[in-house]
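Undergrad: Quick one: the structure is below, and I'll ask about it shortly.
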Amino acid sequence: MFYDHQQIEKKWQKYWEDNQTYKTSNNTDKPKFYVLDMFPYPSGAGLHVGHPLGYIASDIYARYKRHQGFNVLHPVGYDSFGLPAEQYAIQTGTHPAVTTEQNITRYEEQLRKIGFSFDWSREVRTSDASYYKWTQWIFIELFHSWYNKDTDKAESIETLIKHFEEKGTEGLNANQNDELNFTAEEWKSASEIDKEDILLNYRLAYRAETTVNWCPALGTVLANDEIKDGKSERGGFPVFQKKMMQWSMRISAYSERLLQGLKTLDWPQPLKDSQEYWIGKSQGAQVQFNIDGHDEIVEVFTTRPDTIFGATFMVLAPENPLVENITTAEQKAEVDTYIEETSKKTERDRMSDVKNVSGAFTGTYAINPFSGEKMPIYISDYVLMGYGTGAVMAVPAHDDRDHRFAKKFNLEIKKVVETEEDVQEKSFDSKDSVCVNSDFLNGLKYNEAKALIIDAIEKKAIGHGTTNYRQRDAIFSRQRYWGEPVPIYYKDGMPYTLPNSALPLELPEVEKYLPTEDGDPPLGNAKTFAWDEANQKIVDTNLINDKTVFPLELSTMPGWAGSSWYFLRYMDPNNDEVFTNKNLSDYWGQVDLYIGGSEHATGHLLYSRFWNMFLKDRGYINNDEPFQKLINQGMILGMSAFVYRFNYNSTIDNELKSVFISKNLVDNLVKGNNVDLLTNFISKNIGFDLKSNLVLTKDSFQQIHVDVSLLKGTSDELDTEAFKSWRPDYTDAEFILEEGKYITGREVEKMSKSKYNVVNPDDICNEYGADGLRLYEMFLGPLEQSKPWNTQGLSGVYGFLKKFWNLYFNEDTFEVSEEEPTKAEYKVLHTLIKKVVYDIENFSFNTSVSSFMIAVNELQKLKCNKRNILEPLAVIVSPYAPHICEEVWNLLGNNSSIEFEKFPILNEDYLIEDEIEYPVSVNGKMKFKISLPATLSAKEVEDLVLQNEKMGALLEGKTPKKIIVVPKKIVNIVI
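Under full-length UniProt numbering, think of the first position of the sequence shown as 1, with each following residue one higher.
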């Protein structure tokens, strides 16, 4: 029977939509299971075949859990704010909402075509005002909260105000920006502005001057993961370090909880390691150093206070405020130049560039508090202002980078020794020894010395033991248009939140999406964007009088704002009273399975965990962690194609820019063969004679990506006419062919639009079906691994689907027998059940597909068409290939969807063998095999083997010296 996948898939996709098959109920006695894919960003390019990999895996698992009787929440939505839509708006004038809507429509069309079992009724979009109303509400809650270290959680700012009213700062243990000291009386007598300024020091959402990654061309601050090699990932524009007033989130208050929470999660270890490194917990001491000739002090955090006697110089971050005050006049020019150069590097670049050290001398010296020695103070970009105190005591004998710095600037390096008598050079990272010049550290080991020196530091009152974290507070401002407006207005220079009744603060219309002429963010172009405090409404900006009408915040929220809590909104997406009903958040709880890319290891996952913990602290939800089990899917790689352009030398480069040489000729030319072919072609067609000076290397040819759609069929041959029509600059292309063909180079790379190697899933669905695509993506290899795409490989999976389809047909007639299956047929079925249950529960989807193929082949050989085999078979295969299974399920006479049919139960009895084939070995060599009933005892097996004719011939009348029977395995005989 012809398998018409297009007709079948359209039929069932319409059925699912019409009947809302996958709509999830909140009111049920079923146990819940929450399956989630990482929030997709809808780009204009649409999906390529690499994108659905994780979605297919999560969909299989969601369908499997439904078969097991779970109430499955498997939603979908879009992270729809972002720079790409805004950049397109700047270039074309098209409103970002328009392009975003178009992109989402395209994505949804493609996702539906692949047959995902999403509950489309719960779809959310971060750019919808009904959604970002609650993102703004969470921001307001963060603004009105502080972190109480005594209770180890966030609390309402009202409890902090009460503490100030009763005790001032006495006994306060808070996470804050600066140490403040005042009495209850001083608090009560303070002005409203002063009180707000004090509270801003403690709020979890606060405004402060921060060093940011500023991109002038984009007019916005960028996150570290939006920058590559010192340039914006979007557009490749230069990025600079700049100090700006920015909103920040006090994620640093949660560092220890974020670290400890990892122990409770079933996540890949490399991902946990990334988060641990990002949080960066370290224990040591905070130490103060006096500066010679100045009142200021340098405070450092060090994990090795026991090496303080080996400190020979100090290094400050270029951004450290001390630099301006302590730099001498003679060194100012050099220091200023260095600071300017540093501003062009991102913090990520500074952290990763471990080998190249640079710096500038300030001209001043710090005093070692133990030895009294003067230590020169330098600045260097390897010290970051955001980590520790923005200053380090440099111990070049213990630290590789300090050592390189000391070598470069010819600074003293004190050797590390165990005792003054036992002087010997140690490796720079030795933890078993301490430095000389100590009256009380000689001979002590690392931990002993560390504890002793911390005690001495505290007794001298120059510091204290402490724990530090690399993680810094997250910048929460973006100077762009297409993002959530921050619900803040400014009165007397202080920020105030809008009342909840004013939410959502909707994104206003603007005439242009660039910053204003005064340098304000794009929202500064809005004509209706001011807060009328008296009338509690948004009004025209020309009404601002700073008495009753005040300016609103012009920055918008970062991309991670909406994606930090979307998993909670899916639980109750249409509720306009609360972000999620508490009873529903209790029912759905954590996401049980979260699948997405490893690129979100730190940013998105840390911020989501932080917001989730905060909402738990404030009593809105009951789970500390949002995602219990997480899987990082690998990438599907594309097979790129390349053409080769001659690039011999600058004098003739322009003349040869349109000459393309076939791949194998390039390889031969580089090896020194067939040089005449090239020179003759160039001489004949371009008029150059290169014979006298032709030297060919790999660099003589430029390798250029070419769209894989320009290849002829499945070959590596380029369609040269199509290539010439592809882009205007290739219209005059000339080709040096091999055997009349232009052969391209091929290479497996990341699938990317920029590499022209993407494969459109729509084309695959049209030719091989959505079920074929789903099966093939799983069949390619383990989910977590990256693997190359090969469209030709789809034919094998498609062949399986046709074989599976034909099990249910006799020629063109649907024919299923009601006859009881044989034991052999049951064995095939239950072997498959056992394997598939194990595979799905262990996310080994590729081996399940292999098992399907084996089972169908065996049933074909047995000519099985029994209902009791083929009906459960359809259920087993349906999570992977739902369309074809729905169709055969319907043909089997079932009127409801296969989706909620109970998954077949394994019966191990069908896997028990009736007979065992025993290999019989004589003197260690296998001689023959004998099939015997599985129920025989070892003695019965021994007797029957000895009675066998073949054994008689081998014994030749001898009596065996020894007989060993391993039940159901083997018989060994020694003669």
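Cβ coordinates follow ideal geometry from the N, Cα and C atoms, glycine included.
Mapping DSSP to helix, strand and coil, what is residue 291?
TA: Three-state result, residue 291: strand.
Undergrad: Pick helix, strand or coil for residue 267, following the three-state DSSP scheme.
TA: Note: residue 267 maps to coil in three-state DSSP.
Undergrad: Shortest alpha-carbon distance to residue 887 belongs to which of 1, 11 and 2?
TA: Residue 887 has its Cα closest to that of 11, out of 1, 11 and 2.
Undergrad: With a cut-off of 8 angstroms on the beta carbons, I'd call residue 938 and residue 915 a contact; round off their distance for me.
TA: Between residue 915 and residue 938 the Cβ distance is about 16 angstroms, and since that is not below 8 angstroms, they are no contact.
Undergrad: Here's the rule: buried if 16 or more other CB atoms are within 10 angstroms of the residue's CB, otherwise exposed. What is residue 89?
TA: The residue is buried, with at least 16 neighbouring Cβ atoms inside 10 Å.
Undergrad: Considering only the alpha carbon of each residue, which of 350, 203 and 516 lies closest to residue 229?
TA: Of the candidates 350, 203 and 516, the one whose C-alpha sits nearest the C-alpha of residue 229 is 350.
Undergrad: Assign residue 473 to one of two classes, buried (16 or more other C-beta atoms within 10 Å of its C-beta) or exposed (fewer than that).
TA: So residue 473 counts as buried.
Undergrad: Looking only at DSSP bridge pairs, what is residue 119 linked to?
TA: Bridge partners of residue 119: 75.
Undergrad: Taking C-alpha atoms, which residue in 280, 516 and 538 lies nearest to residue 254?
TA: That would be 280, whose Cα lies nearest to the Cα of residue 254.
Undergrad: CA-CA distance, residue 610 and residue 251?
TA: Whole-angstrom Cα-Cα distance: 6 angstroms.
Undergrad: My output table needs one value for residue 472: the three-state DSSP class, helix, strand or coil.
TA: Here residue 472 sits in coil by DSSP.
Undergrad: Quickly, what does DSSP pair residue 217 with across the bridge? List them, please.
TA: BP columns for residue 217 are empty, so no partner.
Undergrad: DSSP three-state call for residue 816: helix, strand or coil?
TA: DSSP places residue 816 in coil when its eight states are reduced to three.
Undergrad: Between residue 840 and residue 58, what straight-line distance do the alpha-carbon atoms span, to the nearest angstrom?
TA: Cα-Cα distance, rounded: 10 angstroms.
Undergrad: Tell me whether the beta-carbon of residue 414 lies closer than 7 angstroms to the beta-carbon of residue 310.
TA: Against a cut-off of 7 angstroms, the Cβ pair of residue 310 and residue 414 comes out as a contact.
Undergrad: For residue 494, which residues from the same chain have a beta carbon less than 7 angstroms from its beta carbon, with the 5 sequence-adjacent residues on both sides left out?
TA: Once the five neighbours on either side are set aside, the close Cβ partners of residue 494 are 193, 196 and 197.
Undergrad: Would the beta-carbon of residue 212 fall within 7 angstroms of that of residue 231?
TA: No; because the gap between Cβ atoms is not below 7 angstroms, this pair is not in contact.
Undergrad: Can you name, in chain order, every residue of its own chain whose Cβ lies under 6 angstroms from the Cβ of residue 244, other than the five neighbours on each side?
TA: Contacts found: 212.
Undergrad: Can the beta-carbon of residue 315 be found closer than 7 angstroms to that of residue 394?
TA: Cβ distance < 7 angstroms, so residue 315 and residue 394 count as in contact.
Undergrad: Can you round the beta-carbon distance between residue 52 and residue 114 to whole angstroms, since I take them to be within the 8 angstroms contact cut?
TA: Confirmed, about 6 angstroms.
Undergrad: With residue 47 and residue 110 assumed to form a contact (beta carbons below 8 angstroms), what rounded beta-carbon distance in angstroms separates them?
TA: With 8 angstroms as the limit, residue 47 and residue 110 qualify as a contact, their Cβ atoms being about 5 angstroms apart.
Undergrad: Closest by CA to residue 399, which one among 948, 308 and 367?
TA: It is 308 whose Cα lies nearest to the Cα of residue 399.
Undergrad: Distance check for residue 227 and residue 701, CA to CA, integer angstroms please.
TA: Distance between the alpha carbons of residue 701 and residue 227: 30 angstroms.
Undergrad: Do the segment 64-83 and the segment 17-36 meet, that is, are 3 or more Cβ pairs less than 8 angstroms apart?
TA: Yes: the two stretches touch, three or more of their Cβ pairs being nearer than 8 angstroms.
Undergrad: Along the chain, where does the alpha helix (DSSP H) that runs through residue 845 open and close?
TA: Where residue 845 is concerned, the enclosing alpha helix (DSSP H) stretches over 845-861.
Undergrad: Check whether the segment 176-187 and the segment 150-159 touch, using three or more Cβ-Cβ pairs below 8 angstroms as the test.
TA: The segment 176-187 vs the segment 150-159: no contact.
Undergrad: From the DSSP output, in three-state form, read off residue 313 for me.
TA: Residue 313 falls in the strand class under three-state DSSP.
Undergrad: For residue 584, which option in 459, 512, 208 and 32 has the closest C-alpha, if you only look at C-alpha atoms?
TA: With distances taken between Cα atoms, residue 584 lies closest to 32.
Undergrad: What residue from 221, 268 and 267 has the CA that sits closest to residue 247's CA?
TA: Nearest option by C-alpha distance: 221.
Undergrad: Sort out for me which residues DSSP pairs residue 916 with in a bridge.
TA: Paired residues: 932.
Undergrad: Beta-carbon separation of residue 825 and residue 862 under 7 angstroms?
TA: Cβ distance < 7 angstroms, so residue 825 and residue 862 count as in contact.
Undergrad: Grab me the residues of residue 520's own chain with a C-beta within less than 6 angstroms of its C-beta, minus the 5 sequence neighbours each way, in chain order.
TA: Once the five neighbours on either side are set aside, the close Cβ partners of residue 520 are 554.
Undergrad: Nearest by alpha-carbon distance to residue 277: which of 513, 725, 469 and 268 is it?
TA: Residue 277 has its Cα closest to that of 469, out of 513, 725, 469 and 268.
Undergrad: CA-CA distance, residue 820 and residue 855?
TA: Computed Cα separation, rounded: 18 angstroms.
Undergrad: Just the Cα atoms here: how many angstroms apart are residue 187 and residue 168?
TA: Distance between the alpha carbons of residue 187 and residue 168 is about 6 angstroms.
Undergrad: For the alpha helix (DSSP H) that residue 976 lies in, which residues bound it at each end?
TA: Limits of the chain in this structure are 1 at one end and 975 at the other, which puts residue 976 out of reach.
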